[in-house]
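Taking full-length UniProt numbering, the leading residue of the sequence shown gets 1, the next gets one more, and so forth.
Every residue, glycine too, gets a C-beta built ideally from N, C-alpha and C.
All values derive from a computational prediction rather than experimental measurement.
Take a look at the structure set out below.
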Amino acid sequence: MRLLHTSDWHLGQHFMGKTRQAEHQAFCAWLIEQVREHQVQVVLVAGDIFDTGSPPSYAREQYNHFVVALRDTGCQLVVLGGNHDSVAMLGESRTLLAQLGTRVIPGVGVQLQDQLLVLDGADGEPAALLCAIPFIRPRDVLRSEAGQSAADKQLSLQQAIHGHYQALFELALARRGELGGSVPIIATGHLTTVGASASESVREIYVGALEAFPTASFPAADYIALGHIHRPQKVGGLEHIRYSGSPIPLSFDEARQQKEVLLVEVDETGLRDVSALPVPRFQVLQSLRGTLKTLPAALAEAAAEGSAERPVWLEVQVEGDDYLSDLQVRIAALCEGLPVEVLRIRRARGSAVASLQSEQATLDELTPEQVFAQRVQQETLDEADVQRLGTLYRGVLESLRNQS
Numbered sequence: 001m002r003l004l005h006t007s008d009w010h011l012g013q014h015f016m017g018k019t020r021q022a023e024h025q026a027f028c029a030w031l032i033e034q035v036r037e038h039q040v041q042v043v044l045v046a047g048d049i050f051d052t053g054s055p056p057s058y059a060r061e062q063y064n065h066f067v068v069a070l071r072d073t074g075c076q077l078v079v080l081g082g083n084h085d086s087v088a089m090l091g092e093s094r095t096l097l098a099q100l101g102t103r104v105i106p107g108v109g110v111q112l113q114d115q116l117l118v119l120d121g122a123d124g125e126p127a128a129l130l131c132a133i134p135f136i137r138p139r140d141v142l143r144s145e146a147g148q149s150a151a152d153k154q155l156s157l158q159q160a161i162h163g164h165y166q167a168l169f170e171l172a173l174a175r176r177g178e179l180g181g182s183v184p185i186i187a188t189g190h191l192t193t194v195g196a197s198a199s200e201s202v203r204e205i206y207v208g209a210l211e212a213f214p215t216a217s218f219p220a221a222d223y224i225a226l227g228h229i230h231r232p233q234k235v236g237g238l239e240h241i242r243y244s245g246s247p248i249p250l251s252f253d254e255a256r257q258q259k260e261v262l263l264v265e266v267d268e269t270g271l272r273d274v275s276a277l278p279v280p281r282f283q284v285l286q287s288l289r290g291t292l293k294t295l296p297a298a299l300a301e302a303a304a305e306g307s308a309e310r311p312v313w314l315e316v317q318v319e320g321d322d323y324l325s326d327l328q329v330r331i332a333a334l335c336e337g338l339p340v341e342v343l344r345i346r347r348a349r350g351s352a353v354a355s356l357q358s359e360q361a362t363l364d365e366l367t368p369e370q371v372f373a374q375r376v377q378q379e380t381l382d383e384a385d386v387q388r389l390g391t392l393y394r395g396v397l398e399s400l401r402n403q404s
């Protein structure tokens with residue numbers, strides 16, 4: 001059986017005033033081509049299909065169009081909820097989408113047996129079992145206990161997640177026995193594992209949730225398809241535990257990454273092969289760094305990848321001249337006539353301008369963590385107070401995110 005492992009689409013993302021709608025549309029069309037070319041039986045989206053719990057209507061429409069287009073190929077679709085997704089929003093259409101060959105697991109609040117899926121091969125017979133585990137919210141597996149420290153909560157959650165994986169894996173082993181004992185078992189997850197390399201667009205989950213799940217706590221599945229980290233990578237160098245990463249760059253520090261989806265082949269002996277299918281770049285993002293003297297050459301080089309119809313989106317970090325108050329005007333003059341669009345200017349001393357048109361970043365261009373960090377910088381606090389406030393703030397954030 002051939003399975004395409006992908007994750008973290010973030011449909012509906014608002015990126016510094018720019019929509020990603022065209023990029024996502026191009027990616028979905030490309031993915032359908034890969035399904036046909038490689039004769040894929042299952043597409044697995046390991047969380048964060050949407051960027052927010054209340055995605056714009058065009059993002060929902062893209063999702064629905066993809067479901068219908070994939071159905072026409074005969075391929076099965078499995079969608080798992082991520083930390084950005086709303087359990088209620090994903091769940092509201094799962095019964096309808098099931099009629100179109102799509103199975104949606106929005107959260108772990110459903111019955112355990114509902115998270116065990118049988119995946120059919122090209123001949124229509126069971127070819128794999130899927131432990132379809134989405135993002136696990138603490139409230140789904142834990143009861144709050146008075147007097148617990150942050151470390152105690154972390155340990156309790158780690159143990160609860162491990163227990164959930166193990167219980168579902170044992171259910172899969174029993175089902176495999178019923179099917180004849182030679183069906184591979186695939187597991188999923190939407191979380192951070194120990195040693196995973198993240199990027200600035202990944203919103204980590206802190207107090208009350210798990211910062212990093214130990215690799216050894218995963219069950220002995222033949223393949224583990226992970227989401228949440230946007231950089232494609234093997235976990236601990238292991239072939240069978242992987243992040244597929246996001247299909248498009250979701251922040252400037254991802255601009256140089258080769259985005260990919262993973263073509264996974266399994267048979268009755270287990271995992272046969274994993275190969276990366278490089279995703280084309282549908283919109284060029286670049287991050288440039290230099291002084292006002294060296295930037296013209298860098299801008300000209302970047303402009304070579306753009307066009308009037310599709311300018312290059314740029315982040316410019318200014319060194320040496322970053323004390324100047326008219327940086328926006330100077331950078332705009334350097335870019336005049338070039339097929340580039342500067343979305344953010346960074347000064348080497350740390351401050352940033354989100355666009356040439358505005359003096360400071362709007363709230364929808366900052367994460368809650370960035371807003372908090374900027375506010376704390378305005379106060380005179382010692383390190384202990386900053387850490388204490390940070391712990392309390394992250395606790396409030398996690399509580400709010402768990403309600404989505």
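- Of the residues assessed, Y63 falls on the buried side of the cut-off, its CB having 16 or more other CB atoms within 10 angstroms.
- Excluding the 5 residues flanking it on each side, P339 has same chain C-beta neighbours closer than 6 Å at A303, G306, S307, A308 and P311, in chain order.
- For P278, DSSP records a beta bridge to E260.
- The three-state reading of DSSP puts A128 in strand, counting E and B together.
- Annotation for V67: the continuous alpha helix (DSSP H) segment containing it runs S57 to R71.
- A check of alpha carbon separations from Q258 across T269, A276, R242 and G270 identifies A276 as the nearest.
- In the three-state scheme derived from DSSP, where H, G and I count as helix and E and B as strand, Y323 is classed as coil.
- DSSP places G101 outside both helix and strand once states are collapsed to three, so it counts as coil.
- In this structure T102 is in contact with V79, their Cβ atoms being roughly 7 Å apart against a cut-off of 8 Å.
- In the DSSP secondary-structure assignment, Q76 is bridged to V42.
- The beta carbons of D140 and V118 sit no closer together than 7 Å.
- Distance from the CA of A122 to the CA of V284, rounded to the nearest whole angstrom, comes to 37 Å.
- Nearest in C-alpha terms to I345, of all of P368, G337 and D321, is D321.
- Annotation: the continuous alpha helix (DSSP H) that includes L295 extends over L295 to A303.
- If you look at I345, you'll find it in the beta strand (DSSP E) that goes V340 to R347.
- Within a 10 Å sphere around the beta-carbon of P249 sit 16 or more other beta-carbons, which makes this residue buried.
- G12 sits away from F66, with the two beta carbons spaced by 7 Å or more.
- Taking all protein chains in view, the Cβ of D48 is crowded by 16 or more other Cβ atoms within 10 Å, so the residue is classified as buried.
- Bounds of any alpha helix (DSSP H) do not take in H10, whose DSSP letter is neither H nor E.
- Counting along the chain, no beta strand (DSSP E) covers E33; the unbroken alpha helix (DSSP H) around it starts and ends at Q21 to E37.
- Sixteen is the threshold: when 16 or more other Cβ atoms of the shown chains lie within 10 Å of the Cβ of D8, as they do, the residue is buried.
- The beta-carbon separation of E260 and P280, rounded to 11 Å, does not stay under the 8 Å limit for a contact.
- The secondary-structure analysis by DSSP pairs H5 across a beta bridge with L44 and L262.
- For T6, the closest alpha carbon among the candidates R347, S246, W313 and R394 is that of S246.
- By the criterion of at least three beta-carbon pairs nearer than 8 Å, the segment 162–179 is not in contact with the segment 260–269.
- Ranking S325, A373, R347 and T294 by CA distance to the CA of L334 puts T294 first.
- Under a 10 Å Cβ-count criterion, G82 is classified as buried, with 16 or more other Cβ atoms of the shown protein chains found around its own Cβ.
- Here DSSP, grouped into helix, strand and coil, assigns T52 to coil.
- From the listed residues V42, V87 and L314, the smallest Cα separation to M16 is found for L314.
- Burial check for T192: the Cβ neighbour count within 10 Å reaches 16 or more, so the residue is buried.
- Note on geometry: alpha-carbon atoms of E301 and S182 lie some 55 Å from one another.
- Per DSSP, the unbroken alpha helix (DSSP H) holding D140 starts and ends at P138 to V141.
- The C-alpha of W30 lies about 29 Å from the C-alpha of G237.
- Here DSSP, grouped into helix, strand and coil, assigns E315 to strand.
- Between A255 and Q286, the gap from beta carbon to beta carbon is short of 7 Å.
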